[in-house]
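**Q** From first to last, the protein sequence lines are chains A and B.
The first sequence lines up with residues 2 to 229 when you count with our numbering.
The second sequence lines up with residues 2 to 213 when you count with our numbering.
Every residue gets a Cβ at the ideal spot worked out from N, C-alpha and C, and that includes glycine.
From a predicted model like this one, the values you see are computed outputs, not experimental measurements.
Sharing a structure below in structure tokens format, with a few things to ask.
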Amino acid sequence: VRRAAVAAVAFASLQAAVVARADPASTTPEPLTADWGNGAYESFDPPAWRRQQHVHPLPRVWVAPTIARLPAEGLALAGASVAFGFESQYSVSPTLNRLFYGSAFGLEARAHALRAFDGAPSSWLVGGGVALTMNVTEHGDGASRLRFPSVFGLLLPEAGVAARHPQPTSFYLRWSAPVAVLVGKPVAIELVPSASLLYHGARGGAEALWLIGVAVSWRAMGRPMLLL
Amino acid sequence: MSVARRSREPMPTARAIAWRATARAAVSALALAIAGCSGWDISVYPAKRGLRWTGDATVAGARDGTALGGPAVRFRAGRELAARPRTDGGKPAQDGAADWLVGSWGGLELSAAVLTGAAAGGRAGTLALFGFRPWLSRRQDDWFLGTERISLLGAMIPDVGVAYGLGAGTRFRLGWELPLGSADFQIVPGVSWISPGGAGQALGTIAFRVPM
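Next comes the structure, spelled out in structure tokens:
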């Protein structure tokens, strides 16, 4: 009986040692800049933009109540913008390259619906376009909740087509400067100031449309296990 | 017929033959001297090649009051035309005359830009620029697109393409640029000649480039 008890205690101690060795997260915190594969990114707290699986394009969606001003026609409009796209995190260095190009790159399809509430109530605008996104998420110690656009991302416009009433349908370019703060691991609040140019076709000229929205965004933290 | 025709051609004199031979020898000697001074390795070697892109933040202006700004991208594919020799210490050798005059990397560059701002008359507008050009550069140490390593011929070859927008439709365009700076950051003054030969318009540009 004594031998059996000693053997059981020894086996239990060995098993505990093996488990502790196989689970380094229980004793040693992971560095924040590690490759967040295999679901490890889900176990960290507090939320940070870099705590998302890197390299792989991950889905992202945002919805933004928006107000706008069309000075050329004296219109004030209100409505909403929605977007769906994919974004990937990368490590970009040196810092100059990161600030110029960003560290998170994505492609988004966006839709905008606005209706005049001041000026001419029958006016409305519905548009859809695509945009490349280039944002800076890697700064400080990598645990930042703040995300802002890179210089090149600020310059790249969204391109699309807007159906308008009573004006004719027009091509548009839209520049935006979204600044986002994470409030949860996948959820962020974003302030989205933007400016659009609505073009008049071959005869040239354009109308400026100024917009500001407050968005709620959601992002996937990693690829589903089926896709890993 | 051919024999008869050839018989009517004046026979070159011995002096002309001597002049031609001397000229050919001089050109060959000059080429070999330039190649030798530059340290070109003219033996068979595995050439480096690659593809790269870079982005510019560009501002542009013209005398009629046009002031534009926006992004530009360049895609460049090229290969090494002459190997870079090493000194006894293993360091890359200095550029020679052929590198400065012609270049030792060559390829093709495609460029595109979307510039938006105030056009002539104070109205808003957008100008899209597209172009391509044969690209020549001095030798590169490693990654081959350090665009500041320009050669004389490479800087003179224009970017050929079209400009579209500002209410003027599609127009032919020639462009030149002079990348200045380091491998990390470059300021690139340039000029676009829109509709050369017609109602030509010169558009001055300054690009801020961070090689990727």
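Helix, strand or coil, according to DSSP, for T171/B in the structure here?
**A** On the second sequence, residue 171/B is found 170 positions in, with the first residue counted as 1. DSSP places T171/B in strand when its eight states are reduced to three.
**Q** Per DSSP, what kind of secondary structure is L157/A in: helix, strand or coil?
**A** As a first step, residue 157/A is located in the first sequence; it is residue number 156 there, counting from the start. Reduced to three states, the DSSP call for L157/A is coil.
**Q** Is there a Cβ from chain A that is less than 8 angstroms from the Cβ of V28/B?
**A** The count along the second sequence starts at 1 and reaches residue 28/B at position 27. Judged by the 8 angstroms Cβ criterion, V28/B is not in contact with chain A.
**Q** Where does W1/A land, buried or exposed, given buried means 16+ other C-beta within 10 angstroms?
**A** Residue 1/A lies beyond the stretch modelled for chain A, which goes from 2 to 229, so this question has no answer here.
**Q** Within 8 angstroms of any Cβ in chain A, is that where the Cβ of P72/B sits?
**A** Taking the second sequence and counting its residues from 1, one reaches residue 72/B at position 71. Yes, P72/B lies at the interface with chain A (some Cβ there is under 8 angstroms from its Cβ).
**Q** Contact defined as beta carbons within less than 8 angstroms: I believe A160/A pairs with T170/A. What is the distance between those atoms, to the nearest angstrom?
**A** By one-based count along the first sequence, residue 160/A stands at place 159. By one-based count along the first sequence, residue 170/A stands at place 169. Contact doesn't hold; Cβ gap of about 14 angstroms is too wide.
**Q** With 8 angstroms set as the bound, which would you pick, yes or no: does the beta-carbon of T171/B sit closer than that to a beta-carbon of chain A?
**A** Taking the second sequence and counting its residues from 1, one reaches residue 171/B at position 170. So no, T171/B is outside the interface.
**Q** Could you tell me which of G223/A, P225/A, L199/A and R52/A sits nearest to V127/A, measuring between CA atoms?
**A** Sequence index remark: in the first sequence, residue 127/A carries index 126 (1-based). When each option's Cα is compared against that of V127/A, the closest is L199/A.
**Q** Check the Cβ-Cβ distances between R124/B and every residue of chain A, and say whether any is below 8 angstroms.
**A** To locate residue 124/B, count along the second sequence from 1; it is residue 123. Taking a beta-carbon distance threshold of 8 angstroms, R124/B counts as an interface residue toward chain A.
**Q** On the DSSP bridge list, what partners appear for F172/A?
**A** Residue mapping note: residue 172/A aligns to position 171 of the first sequence, counting from 1. DSSP, once it has assigned bridges, lists V162/A as partnering F172/A.
**Q** Could you tell me the alpha carbon to alpha carbon distance between A81/A and R111/A, rounded to whole angstroms?
**A** By 1-based counting over the first sequence, the position of residue 81/A is 80. By 1-based counting over the first sequence, the position of residue 111/A is 110. If I take the Cα positions, the gap works out to 11 angstroms.
**Q** Counting only Cβ-Cβ distances shorter than 8 angstroms, please list the residues of the stretch 97 to 128 of chain B near chain A, keeping chain order.
**A** For the stretch 97 to 128 of chain B, which is checked against every Cβ of chain A, the residues closer than 8 angstroms are V115, T117, A120, R124, A125, G126 and T127.
**Q** Take the Cβ of W211/A as the centre, count every other Cβ of all protein chains shown within 10 Å, and call the residue buried at 16 or more, exposed below.
**A** Against the first sequence, residue 211/A aligns to sequence position 210. Result: exposed.
**Q** Please work out which residues of its chain come closer than 6 angstroms, Cβ to Cβ, to G104/B, disregarding the five sequence neighbours upstream and downstream, and give them in chain order.
**A** Within the second sequence, numbered from 1, the residue matching residue 104/B stands at position 103. L137, S138, R139, S152 and G155, listed in sequence order.
**Q** Using three-state DSSP, classify G166/B as helix, strand or coil.
**A** Position 165 of the second sequence holds residue 166/B. Reduced to three states, the DSSP call for G166/B is strand.
**Q** Using beta carbons (cut-off 8 angstroms, strictly below), is N136/A in contact with chain B?
**A** Locating residue 136/A in the first sequence gives position 135, where the first residue counts as 1. It does not: the Cβ of N136/A has no partner Cβ on chain B nearer than 8 angstroms.
**Q** Quick one: residues in its chain with C-beta nearer than 6 angstroms to the C-beta of P58/A, no 5 flanking neighbours on either side, listed in chain order?
**A** One-based indexing of the first sequence puts residue 58/A at position 57. Excluding sequence neighbours, P58/A sits near F87 and S89.
**Q** Spatial neighbours of L111/B within its chain, please: C-beta separation below 6 angstroms, excluding the five flanking residues on both sides.
**A** Residue mapping note: residue 111/B aligns to position 110 of the second sequence, counting from 1. Counting only Cβ-Cβ distances below 6 angstroms, and skipping sequence neighbours, we find F76 and F133.
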